[in-house]
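Just below is one structure, and these are the notes that go with it.
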Amino acid sequence: MNEYSGVRSAAVRHPLRSTLVLAMAGLIAAVAAPVLAQSRPPAAAEDRALAQRLQVEESLARVDRALYANYFRQAYARYPSIPRGTLESVAYVMSRWQHLQPEAAGYGERHQHMPRSYGVMGLYRGEGFADQVGEGARLLGVPAARVQRDPATNILAAAALIDRELRADGLRADAPVEATRAALERYAGFARSGAAAKSAIQDHARSSFAFDVLLAQDKGVNDRGIVVPARAVAWERAFDARKLVQLRAPFVRLDVANDKVEAVGAAASGYAIDPRSETLTAPAAANFDTKSTDYGPALWVASPYHSTRTSYDSVTIHTMQGYYAGSISWFQNNPNSVSAHYLIRSSDGQITQMVRESRAAHHVGVHNKTTLGIEHEGFINNASWYTAAMYNASAALTRHFCATYSAISCASAYKGPAGSGINVLPASVKVKGHQHYSSQTHTDPGINWDWARYYNLLNPGSGTGNVIDSFESSVGHFDTAPAYSGSTTGISSASLAERNCTTRKNGECSLRVLLKDDTATASDWAVRLLSASGTPASNAALNRANGKVGFWVYTGATGLSAALGVDDSDGTERSVGRAIPANAWTYLEWRLDDAAQWDAWVGGADGAITASTVKLDAVWFYRDQTAYDVNVYLDDVQVKY
């Protein structure tokens, strides 16, 4: 979950906060903790002590964020040419609205010699990147130290820098949000001079920064005091089709319904929209040199810093102490020759590979030649960076290592409590943090990395299985409205199914299904929520033998029940219904090999699943007719064996 740590020095908090405000924050923490415990999934963090710390810290962070929101308003008043939402989005991307103070106790060390960033806006102070602190201070006419340490001045300095870039392009506050891309790329501050500044990889890093800022606005953020106003981005006007594929943007707002890309010439070139992930896909013949050959889901962006490897003995977990795009830039061009094999983005789990697995990356000193390194975006004293998308992507990558290299066992991963210092673990522990190796000074991933949760993702328990739809980055297979099916009765065409990140059981998001009554009929509700538009070929295969299919479900309404439809070899079978208790997340499950749990529905179905491999047709909801709107939330549709 996106939560804040309980380890943060006073210097990191707003320096002007009074004793009274601190006392109020403590009271808020005491009151908020039980409320938060009720409003969140109880298994969000496997480490219970960590979860409690995060709950307290979150209440403190809300006090800070209310102040920052006021500072943003002041900055827009001083620089009216900046489109509203830009400053909030940059702050979200760079710091998750935390006042970064790298020299304060509790912040953590300077990881991999990365340039340090300061304040709510994460401004660089040189050290290999642009001196945004110094430039902003000169524009404001204030000391650089004030830009570093005072949140209001830090926000104003970033506003002055962004305003300068926007005015260079002739942009005003009413400009389309996508028109700010070029200004954001220049503002990013990576490799500002020399040959490195002109390299394709540095261009990619700058594009990745601009993309993240635009994406935060496209999605909108309203999360525990962080508010980024939602503004629709015409992505085809911000980047060309090839770059959109490379960035692998979720929620690309193109013409999904008609599978059409509006960029000139793109559709004719074979680019298309995947209707389930809502991302742009390239034609099969496209020659993309940015795809990893070691690990399919990753991008390939080469670092020049690597050396010979002697063995594959372990996996090292890092926290960047910085930002994803900035780390890509740094690992491609830095004076210390540091690098890592893979980098993972917080917002959606995108992975970039920078060193081939066959080579040693430079990330853990004397152990470089035997280990594989994964860098995770964020800061060790701010747990909001460790999202479900990041944990899931990282665990999938580590499982790839365990399956590929015999000496690395996921069962030997560390699963103890998180710590803030050096804790050398024996060589028999094969998946561990930078802080767990000998001869180290770095303490990442630190106090907020949930090792128990990570271990469980690496070792999901007895048997095998998979989550078919987690709803973390899209609506998954459920890409049609619930009233679409001709077999649905009682609800109106105004009903909808959409990804929702407010109410969820696991991870960050769920699927919200809004059911609205069809006033033209008194029929009871029977809703067939189709999976992949009811097309069997578009769904994941389910094995009958010992197979169980289920999902988490929540509703505030009474009288609802749920069932499943499964496409069998002789027709479609429909499961028996199961009641959905109100006001509680409930896991419903059906066995594929138990005929007592299935009834014949259409085709030649015989009331039992007989094929060895079948496909999920739909989730069904039933309720007596009512005039009230009903919300139902689905999470983690899955199959287990």
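At the far end of the sequence shown sits residue 635, using our numbering, and the numbering has no gaps. Backbone N, C-alpha and C define an ideal beta-carbon position, used for all residues, glycine too.
(request) Look up LEU628 in the DSSP assignment and give the residues it is bridged to. (result) LEU505, VAL547
(request) Flag this pair as touching only if the stretch 299 to 316 and the stretch 174 to 183 have three or more C-beta atom pairs under 8 Å; answer yes or no. (result) No, they do not touch.
(request) Report buried or exposed for GLU52, applying the criterion of at least 16 other Cβ atoms within 10 angstroms of its Cβ. (result) buried
(request) Just the C-alpha distance for ASP144 and GLY113, rounded to the nearest angstrom, thanks. (result) 7 Å
(request) May I ask which residues mark the beginning and end of the alpha helix (DSSP H) holding THR365? (result) No alpha helix (DSSP H) holds THR365; the beta strand (DSSP E) holding it covers 365 to 370.
(message) For LEU637 and LEU61, what's the separation of their Cα atoms in angstroms?
(response) What is shown of the chain runs -5 to 635, which leaves residue 637 out entirely.
(request) Could you tell me whether the Cβ atoms of ALA319 and PHE325 are closer together than 9 Å? (result) no
(message) To the nearest angstrom, how far is the alpha carbon of SER414 from that of ALA43?
(response) In a straight line, the C-alpha of SER414 is about 14 Å away from that of ALA43.
(message) My output table needs one value for LYS426: the three-state DSSP class, helix, strand or coil.
(response) strand
(request) Go through the stretch 200 to 233 residue by residue and report every complete run of the beta strand (DSSP E) that reaches 3 residues or more, in order. (result) 215 to 217, 220 to 222
(request) Taking PHE472 as the reference, give the member of ARG506, ALA621, ARG104, GLY553 with the closest Cα. (result) Closest by alpha carbon: ARG506.
(message) For HIS300, list the residues DSSP reports as bridge partners.
(response) As DSSP reads the structure, HIS300 sits in a beta bridge with ALA355.
(request) Compute the Euclidean distance between the alpha carbons of ARG34 and GLN315, then round it to the nearest angstrom. (result) Model confidence at ARG34 stands at a pLDDT of 35, short of 50, so the residue's coordinates are unreliable and nothing is read from them.
(message) Since TYR399 and TYR306 should fall inside the 8 Å C-beta cutoff, what is the C-beta to C-beta distance between them, to a whole number of angstroms?
(response) Contact holds; Cβ gap of about 4 Å.
(message) Just to confirm the assignment: which complete beta strand (DSSP E) runs, minimum length 3, are found wholly within the stretch 289 to 334?
(response) 300 to 302, 308 to 313
(request) Specify the secondary structure class of LEU582 as computed by DSSP and reduced to three states. (result) strand
(message) Along the chain, where does the beta strand (DSSP E) containing SER569 start, and where does it finish?
(response) 565 to 569
(message) Give the list of continuous alpha helix (DSSP H) stretches no shorter than 4 residues that lie fully inside the stretch 42 to 115.
(response) 42 to 72, 80 to 89
(message) Please give the ranges of any alpha helix (DSSP H) in the stretch 378 to 425, keeping only runs that are unbroken, at least 4 residues long and fully inside the region.
(response) 382 to 398
(message) Please tell me whether ALA173 and ASP157 are closer than 9 Å, where the distance is taken between their beta carbons.
(response) no
(message) Do GLY559 and ALA612 have their beta-carbon atoms positioned less than 9 Å apart in this structure?
(response) Result yes, Cβ atoms of ALA612 and GLY559 sit closer than 9 Å.
(message) With distance defined between alpha-carbon atoms, name the residue in PHE203, LYS510, HIS198 nearest to LYS237.
(response) HIS198
(request) Have a look at SER606 and THR529 and give me their C-alpha separation to the nearest angstrom. (result) 18 Å
(request) With DSSP as the reference, label GLY130 as helix, strand or coil. (result) helix
(request) Excluding the 5 residues preceding and the 5 following THR513 in the sequence, name in chain order all residues of the same chain whose CB lies nearer than 8 Å to its CB. (result) SER486, ALA621
(request) Locate the beta strand (DSSP E) running through TYR616, then write down its first and last residues. (result) Boundaries of the beta strand (DSSP E) harbouring TYR616: 607 to 617, taken from the DSSP string.
(message) Considering only the alpha carbon of each residue, which of SER555, ALA594, TRP614 lies closest to ASP564?
(response) ALA594
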